[in-house]
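To start, the structure itself, in structure tokens.
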Amino acid sequence: MSGKTLYDKLWDEHLVKQRDDGSALIYIDRQLLHEVTSPQAFEGLRLANRKPWRVDANLATPDHNVPTTDREKGVDGIVDPVSRTQVETLDKNCDEFGILEFKIRDQRQGIVHVIGPEQGATLPGMTIVCGDSHTSTHGAFGTLAHGIGTSEVEHVLATQCLVQKKMKNMLIRVDGQLGAGVTAKDVILAIIGRIGTAGGTGYAVEFGGEAIRSLSMEGRMTVCNMAIEAGARVGMVAVDDVTIDYVQGRPFAPKGADWDRAVAHWRTLHSDDDAVFDKVIVLDGAAIKPQVTWGTSPEMVVSVDAQVPDPAQEEDPIKREGIVRALRYMGLEPNMPIEAIKLDRVFIGSCTNSRIEDLREAAAVVKGRKVAASLKQAMVVPGSGLVKAQAEQEGLDKIFIEAGLEWRDPGCSMCLAMNADKLGAGEHCASTSNRNFEGRQGFGGRTHLVSPAMAAAAAVTGHFVDVRELIQQGGA
Amino acid sequence: MRPFTQHDGLVAPLDRSNVDTDMIIPKQFLKSIKRSGFGPNLFDELRYLDEGKPDQDSSGRPLNPDFVLNQPRYQGASVLLARHNFGCGSSREHAPWALDDFGFRAIIAPSFADIFYNNCFKNGLLPIVLDEKVVDQLFAEAEHAEGYRLLVDLESRQVKTPTGECFEFEVDDFRRHCLLHGLDDIGVTLEDADAIRAYEDRRRDSAPWLFGAIGRD
Ligand code: SF4
Chain Y
156 MSGKTLYDKL WDEHLVKQRD DGSALIYIDR QLLHEVTSPQ AFEGLRLANR KPWRVDANLA
216 TPDHNVPTTD REKGVDGIVD PVSRTQVETL DKNCDEFGIL EFKIRDQRQG IVHVIGPEQG
276 ATLPGMTIVC GDSHTSTHGA FGTLAHGIGT SEVEHVLATQ CLVQKKMKNM LIRVDGQLGA
336 GVTAKDVILA IIGRIGTAGG TGYAVEFGGE AIRSLSMEGR MTVCNMAIEA GARVGMVAVD
396 DVTIDYVQGR PFAPKGADWD RAVAHWRTLH SDDDAVFDKV IVLDGAAIKP QVTWGTSPEM
456 VVSVDAQVPD PAQEEDPIKR EGIVRALRYM GLEPNMPIEA IKLDRVFIGS CTNSRIEDLR
516 EAAAVVKGRK VAASLKQAMV VPGSGLVKAQ AEQEGLDKIF IEAGLEWRDP GCSMCLAMNA
576 DKLGAGEHCA STSNRNFEGR QGFGGRTHLV SPAMAAAAAV TGHFVDVREL IQQGGA
Chain V
792 MRPFTQHDGL VAPLDRSNVD TDMIIPKQFL KSIKRSGFGP NLFDELRYLD EGKPDQDSSG
852 RPLNPDFVLN QPRYQGASVL LARHNFGCGS SREHAPWALD DFGFRAIIAP SFADIFYNNC
912 FKNGLLPIVL DEKVVDQLFA EAEHAEGYRL LVDLESRQVK TPTGECFEFE VDDFRRHCLL
972 HGLDDIGVTL EDADAIRAYE DRRRDSAPWL FGAIGRD
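Going down the list, the sequences are from chains Y and V. Quick note, the first sequence lines up with residues 156 to 631 if you use the numbering used here. Quick note, the second sequence lines up with residues 792 to 1008 if you use the numbering used here.
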């Protein structure tokens, strides 16, 4: 018999009951809650007169609707009354059911996918769910983590379980070493460009290979975060020293004898050498260049030195129509160089790229330079209050502010523009977020997904530029 | 949950692949704390010419005449015909809520995004995967014949065309069972409460650090 994949191990360990019809009850160790996808779930509990099965498995925070300025005012600082109600409803629900919540004025507040790992609420070997598709982020810790809908949020609150069917196994191996200036974001964009936005549908994806192993936890989280953009609900990286070093000493991480026991178990969380995957995809890490999306789907991506594609060259009629439509929406001409795309705004933030390492990478590029005069706005939104504090301790805030970038308070912000931070119609934005769908960052807004270093380079030049050239020049 | 056994309905063809959840229901409408009322904002950016705001009466807004659901022949449609990777993007259940509230009962496509597919079943909405060639054929028929209807039969797992042609589809036994009988999933799972408790007892021994670390002081 062949060995087990990491996914097989996590699945087996959480199997409560295998049913005859092929479905299974899977135990959930941790649920993260936020204000957008939970109100109807709590309401459902109340209507059915049910209580949470295990209060201590849940952690909540508001993130999607919170403003990124004026945070001393707390909930009262949310101008939009509908947004405010949603945040107040989360507070009320958590108070009523006794769930720990980092409220809007708590320094530990932040984007759910940033604070889980930061607090040690995300631990290797767990099953983790959240009513948010980017829950795949937590897979970077060798966890089985995926997004669920609101009905399932309620189901997990009420039963601590989910009804699941086992997915297939996919390995995406990135061999070799990444070049200087090429980051985790470029790796995942290159992967999505290769397999498409539905390439991972039905699979639990494990990312492996030398290039992935060499990434920090922040980088691994960036890669797993966007697994869903390749259609995979689950993205994972095996546990190693990098994982364990990151977890040690976090507030909710085990201590003392528990820690030793946990680590011994976590070290088994990798695919066996003889494990068989249903599908294997291999990329050469050394060949990956900085990536930029030109269209309205993350798979519409090319290297920074390439051109916008020409629909006339596409043979598949449905794809051709897709390119034509995307170019029209994005206001781009076929064959124009990516570097010729002029930008209006730059957004550095989101659960993909708002951790300390992301901010360091961006700061290194803007240091000693100025935001291009042609830009309307360039903003940096840290992923959590603690990331913000750390960045300020390192002086990154000063570097950004001196260069002319805005330094904001933590939240989802312009990633999906549910708060006041939005693109205007027709504006082009270099964004470190994960979705470039039509209207995602504001009605008619045009999003280009890039790494923090590439966004920083775009901020100081006003258009896309290969960040590797700026790195060579050094600070101005 | 509302049961689903059979449904005979007018078909609307949405000829576009990778329809994402931001298209199905844009984010400004996710601020509601209710499950209903999303229908008027289904496909908001495609359907209307202006920018939709939450809490606004959509009845007087300018419609985009090119959008399929605005064409008179598709008024009252309850079966949506779609292309590859329908429902990709976020996990928002507001997407099936909006489709349901608008009046759709079934969606037929060559493929769906996983989370969306799953969310449909929780809301009495049936997503049906048919072979790409079959979907092409249905698109051609629906666009050709005004008033084109399909009969969706979950019991026999079949889609029937007006000429009597039948196409079988696959669906999980568990999901089919719950949908046919309109069962509340949580109730079904709680029948296994003892198994869940036994599992927790084992885990408390083998991995005690997973319990009790998080709580209010
Ligand atoms: S940062 Fe963006 S993608 Fe991440 S959870 Fe917030 S809205 Fe979703």
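For each residue, glycine too, the CB sits at the ideal point set by N, CA and C. Fair warning: this is a prediction, and the values are worked out from it, not measured in the lab.
Please confirm whether residue 141 of chain Y has its beta-carbon closer than 7 angstroms to some beta-carbon of chain V.
Shown here, chain Y extends from 156 to 631; a query on residue 141 of chain Y therefore has no answer.
Cross-chain neighbours of residue 171 of chain Y in chain V, by beta carbon under 8 angstroms:
983, 986, 987, 990
Name the two residues that bound the continuous beta strand (DSSP E) containing residue 970 of chain V.
Not the beta strand (DSSP E): residue 970 of chain V falls in the alpha helix (DSSP H), residues 964 to 972.
Is the region 299 to 308 of chain Y in contact with the region 882 to 891 of chain V, if contact means three or more CB pairs nearer than 8 angstroms?
yes
For residue 875 of chain V, return the contacting residues in chain Y, with the cut-off set at a CB-CB distance below 9 angstroms.
353, 473
So, do the region 156 to 174 of chain Y and the region 188 to 203 of chain Y have three or more beta carbon pairs nearer to each other than 8 angstroms?
no
Beta-bridge pairing of residue 430 of chain Y - partner residues as DSSP gives them:
Y/158
According to the neighbour-count rule (16 or more other Cβ atoms, all chains shown, within 10 Å of its Cβ), is residue 796 of chain V buried or exposed?
exposed
Closer than 9 angstroms, Cβ to any Cβ of chain Y: which residues of the region 795 to 823 of chain V, in chain order?
806, 807, 808, 809, 811, 812, 813, 814, 817, 818, 819, 821, 822, 823
Apply the 10 Å Cβ neighbour rule to residue 410 of chain Y and answer buried if 16 or more other Cβ atoms are within range, or exposed otherwise.
exposed
Could you check what DSSP says for residue 458 of chain Y in three-state terms: helix, strand or coil?
strand
Mind checking residue 419 of chain Y: buried by the 16 CB within 10 Å criterion, or exposed?
exposed
I need the DSSP call for residue 866 of chain V, collapsed to helix, strand or coil.
coil
Exposed unless 16 or more other CB atoms sit within 10 angstroms - verdict on residue 964 of chain V
exposed
Which partner residues of residue 908 of chain V appear in the DSSP bridge assignment?
DSSP lists no partner for residue 908 of chain V.
Counting only C-beta atoms, is residue 911 of chain V closer than 7 angstroms to chain Y at any point?
no
Can you check DSSP and say which residues form a bridge with residue 503 of chain Y?
Y/535
Residue 169 of chain Y beta carbon near ligand 1 (any heavy atom closer than 6 angstroms)
no
Determine, using beta carbons only, whether residue 326 of chain Y and residue 361 of chain Y come nearer to each other than 7 angstroms.
yes
Beta carbon of residue 211 of chain Y, beta carbon of residue 1006 of chain V: below 7 angstroms?
yes
Run the CB neighbour count on residue 878 of chain V, radius 10 Å, all protein chains shown included, and call it buried at 16 or more, exposed below.
buried
Assuming contact is defined by CB atoms lying nearer than 7 angstroms, are residue 559 of chain Y and residue 526 of chain Y in contact in what I supplied?
yes
Is any beta-carbon of chain V found at less than 7 angstroms from that of residue 630 of chain Y?
Note on residue 630 of chain Y: pLDDT 49, under 50, position unreliable in the model; no value is reported.
Residues bridged to residue 585 of chain Y by DSSP?
Y/501, Y/603
DSSP three-state label for residue 951 of chain V, please.
strand
Quick one: does the C-beta of residue 287 of chain Y sit closer than 6 angstroms to a heavy atom of ligand 1?
yes
Among V/805, V/895, V/854, V/989, whose alpha-carbon lies nearest the alpha-carbon of residue 916 of chain V?
V/895
Just by C-beta distance, which residues in the region 242 to 257 of chain Y are closer than 7 angstroms to chain V?
244, 253, 255
Check residue 449 of chain Y in the structure and name its three-state DSSP category.
coil
Buried or exposed: where does residue 630 of chain Y fall if 16 or more other Cβ atoms within 10 Å of its Cβ makes it buried?
The predicted position of residue 630 of chain Y is uncertain, since its pLDDT is 49 and thus under 50; no value can be drawn from it.
When the Cα atoms are used, what is the spatial distance from residue 873 of chain V to residue 226 of chain Y?
43 angstroms
At a Cβ threshold of 7 angstroms, is residue 195 of chain Y touching chain V?
yes
Using a Cβ-Cβ cut-off of 7 angstroms, state whether residue 1001 of chain V counts as contacting chain Y.
yes
Beta-carbon proximity check, residue 554 of chain Y vs residue 518 of chain Y, cutoff 7 angstroms
yes
If we ignore side chains and look at the alpha-carbon of each, how far apart do residue 988 of chain V and residue 188 of chain Y end up?
23 angstroms
Counting only Cβ pairs nearer than 8 angstroms, list the residues of chain V close to residue 176 of chain Y.
963, 964, 965, 968
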